[in-house]
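One structure is given here, and the rest of the page talks about it.
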Amino acid sequence: MTIGSVAIDDGDADTVLALLRRDAGIKQAGELKFSHFARGGNQRRLEVLATALEPGGMLADRASIFMIDKRFFVAAKIIDLLLEEHAHKNGIDLHADDQARRYAQKLIEEGPRALGAPMFDEVIRMFVRFAGIRNRGQALVEVAELFGVLDAAERRSRRRAVTDILSMLLRCRAQAHELQKTMLEPDFLLAMEPLIPAMPAVLNEWSRQIGPASLLMDAHKVLTDDRVDILWKAMTAGHPDFRFVWAGVRPRGLARGDSLDHPSIQLADLVAGAGRAVAHFHEGLTTPTAEVGAALATSVAPLITPHSLIAHDEPGRFSRPKESRGNPPTGS
2 MTIGSVAIDD GDADTVLALL RRDAGIKQAG ELKFSHFARG GNQRRLEVLA TALEPGGMLA
62 DRASIFMIDK RFFVAAKIID LLLEEHAHKN GIDLHADDQA RRYAQKLIEE GPRALGAPMF
122 DEVIRMFVRF AGIRNRGQAL VEVAELFGVL DAAERRSRRR AVTDILSMLL RCRAQAHELQ
182 KTMLEPDFLL AMEPLIPAMP AVLNEWSRQI GPASLLMDAH KVLTDDRVDI LWKAMTAGHP
242 DFRFVWAGVR PRGLARGDSL DHPSIQLADL VAGAGRAVAH FHEGLTTPTA EVGAALATSV
302 APLITPHSLI AHDEPGRFSR PKESRGNPPT GS
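Last residue of the sequence shown: 333 (the working numbering), numbering continuous.
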């Protein structure tokens, strides 16, 4: 998942969109979409977009991309929730130096080599399913099933760092039972949606760069008006679930809008599309979208914030593929 954002008001955004249309020779009416640049292998259009996004381009200092690796997000959240109470009881500050995030990064980065790809994929699948709820309010995965997989993974692990993380998790069975009891609460379901922590992070990153700012978000089924209100209260009151909201940054406001009415949202969507293509390229996928990403990678990578919900702190990695994986799996 990618979130594009721009520090541009609607008036300036309208001008930028017009310039992009002119330079790329795009005549279609309606909203300007990333697909207008990506489809058909039109090199001229891709070069226009790449030039606008690259360092020194007209969007370089006014655009940002927040990447979300959903596997990393879920792993980090479950590790955080399971280990927090256990660590506290043992006098360990899990959040000193963002330790919970580091554990999740280590698991995602070294897990495939430590466990082998099939076992690693099963661990992540269990994390995702453990965090899910059936429509009738039943758990998708029972605690015993989750811990059975963690135990098998710990015994198979060939890397000390991964073994240590799994060993710590295996000592948190009581916390897992308590956590499962809270999973039907609205606050928990909200916390497991990556857009919820991502939007405050985007706003705060811009606030650090340009001072107090307001965020106009594209209408999204997750970000209802009620949830935007909850977000605002959590951000301004220091809710513990937003530990990565930096101290001293005070946002001005949050609001929802539609790209048809706001050129700035349309431009942010365009930036997000470029980020999504580069993410496909970085994942080593062999798809038309990944091919477009290859043409944009060096321009887009500098726009990716290091505070993204990804398994490393090096956005520059997105300028190159990490491995070859062929076509994306069905349903991705």
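Ideal Cβ placement from N, Cα and C applies to all residues, glycine included.
Legend entry - Buried/exposed call for Glu-349, threshold 16 Cβ in 10 Å: The question about residue 349 has no answer, for the chain in this structure spans 2 to 333.
Inset, instruction - Starting from the Cα of Arg-157, find the closest Cα among Glu-123, Val-129, Glu-146 and Glu-186 and give me that residue. - result: Glu-123
Inset, instruction - Express the C-alpha separation of Asp-99 and Pro-264 in angstroms, rounding to a whole number. - result: As the crow flies, the alpha-carbon of Pro-264 is around 37 angstroms from that of Asp-99.
Legend entry - Cβ-based neighbour list, Asp-314, same chain, cut-off 6 angstroms, excluding 5 preceding and 5 following: Pro-307
Legend entry - Test item: CB-CB of Ala-77 and Arg-102 under 8 angstroms: yes
Legend entry - Pro-198 classed as buried or exposed, judged by whether at least 16 other C-beta atoms fall within 10 angstroms: Around the Cβ of Pro-198, a 10 Å sphere holds 16 or more other Cβ atoms; the residue is buried.
Legend entry - beta strand (DSSP E) segment containing Ser-215, residue limits: 215-219
Legend entry - Ser-6 versus Glu-194 - alpha carbon distance: 19 angstroms
Legend entry - 7 angstroms CB neighbourhood of Val-229 in its chain, flanking five on each side removed: Excluding sequence positions up to five before and after Val-229, its CB lies within less than 7 angstroms of the CB of Leu-255 and Arg-257, all in the same chain and listed in chain order.
Inset, instruction - Give me the Cβ distance between Arg-253 and Ala-214, rounded to the nearest whole Å; I'm assuming they're in contact under 8 angstroms. - result: 6 angstroms
Inset, instruction - Return the Cβ separation of Leu-54 and Leu-224 in integer angstroms, given the expectation that the two are a contact with Cβ distance under 8 angstroms. - result: About 25 angstroms; that fails the 8 angstroms criterion.
Legend entry - Same chain, Cβ closer than 7 angstroms to Asp-81, neighbours up to 5 away in sequence not counted: Ala-101
Inset, instruction - Taking Met-200 as part of the alpha helix (DSSP H), name the residues at either end of that continuous run. - result: 196-211
Inset, instruction - Determine the direct distance from the alpha carbon of Ala-275 to that of Arg-321, and round the result to whole angstroms. - result: Between the alpha carbons of Arg-321 and Ala-275 lies a gap of roughly 15 angstroms.
Legend entry - Closest by C-alpha distance to Val-49, when choosing among Asp-262, Ala-296 and Met-200: Ala-296
Legend entry - Collapsed DSSP secondary structure at Arg-321 in the structure displayed: The answer is coil: DSSP assigns Arg-321 none of H, G, I, E or B.
Inset, instruction - Compute every distance between the C-beta of Leu-297 and the non-hydrogen atoms of the ligand MN, then say whether any falls below 7 angstroms. - result: Among the ligands in the structure shown, none appear at all, so the ligand MN cannot be discussed.
Inset, instruction - Taking all protein chains shown into account, decide if Ala-1 is buried (16 or more other Cβ within 10 angstroms of its Cβ) or exposed. - result: The requested residue 1 does not occur in the structure, where the chain is confined to residues 2 to 333.
Legend entry - For Phe-67: DSSP bridge partner residues: Ile-4
Legend entry - Exposed unless 16 or more other CB atoms sit within 10 angstroms - verdict on Arg-45: exposed
Legend entry - Tyr-104 versus Leu-196, Leu-83 and Ala-118, residue with shortest Cα-Cα distance: Cα-wise, what sits closest to Tyr-104 is Leu-83.
Inset, instruction - Write down the C-beta distance between Lys-272 and Ala-298 rounded to the nearest angstrom, noting that I regard them as a contact closer than 8 angstroms. - result: Here residue 272 is Val; the residue named in the question, Lys, does not match the sequence. Not really, about 14 angstroms apart at Cβ, beyond 8 angstroms.
Legend entry - Collapsed DSSP secondary structure at Arg-257 in the structure displayed: Here Arg-257 carries a strand assignment [DSSP, helix/strand/coil].
Inset, instruction - Compare the Cα-Cα distances from Arg-126 to each of Ile-93, Glu-85, Leu-170 and Leu-147 and report the closest residue. - result: Leu-147
Legend entry - Assumed close pair Leu-108, Val-142 - CB separation to whole angstroms, cut-off 8 angstroms: No, Leu-108 and Val-142 are not in contact; Cβ-Cβ is about 18 angstroms, not under 8 angstroms.
Legend entry - Limits of the unbroken alpha helix (DSSP H) element including His-283: 264-283
Inset, instruction - Kindly indicate which three-state DSSP category Ile-9 falls into: helix, strand or coil? - result: Ile-9: coil per DSSP, three-state reduction.
Legend entry - Rounded straight-line distance, which links the Cα of His-178 to that of Asp-165: Distance between the alpha carbons of Asp-165 and His-178: 21 angstroms.
Inset, instruction - Report the three-state DSSP secondary structure of Gly-31 (helix, strand or coil). - result: Coil.
Inset, instruction - Pull up the distance between the alpha-carbon of Leu-20 and that of Arg-277, whole angstroms please. - result: 23 angstroms
Legend entry - Helix, strand or coil at Asn-136 [DSSP, three-state]: The predicted position of Asn-136 is uncertain, since its pLDDT is 49 and thus under 50; a value taken from the coordinates is nonetheless stated next. Three-state DSSP puts Asn-136 in coil, outside helix and strand.
Legend entry - DSSP bridge partner residues for Ile-305 (one or two, in chain order): For Ile-305, the pairing in a beta bridge is given by DSSP as Ile-66.
Inset, instruction - For the alpha helix (DSSP H) holding Ile-93, just list the boundary residues, first then last. - result: First-last for Ile-93: undefined, no H or E at that position.
Legend entry - C-beta contact flag for Val-75 and Phe-121 at 8 angstroms: Going by C-beta atoms, Val-75 is not nearer than 8 angstroms to Phe-121.
Inset, instruction - For Leu-47, collect the residues of the same chain with a Cβ closer than 8 angstroms to its Cβ; drop the 5 residues on either side in sequence, then sort them by chain order. - result: Phe-38, Ala-39, Val-293, Ala-296 and Leu-297
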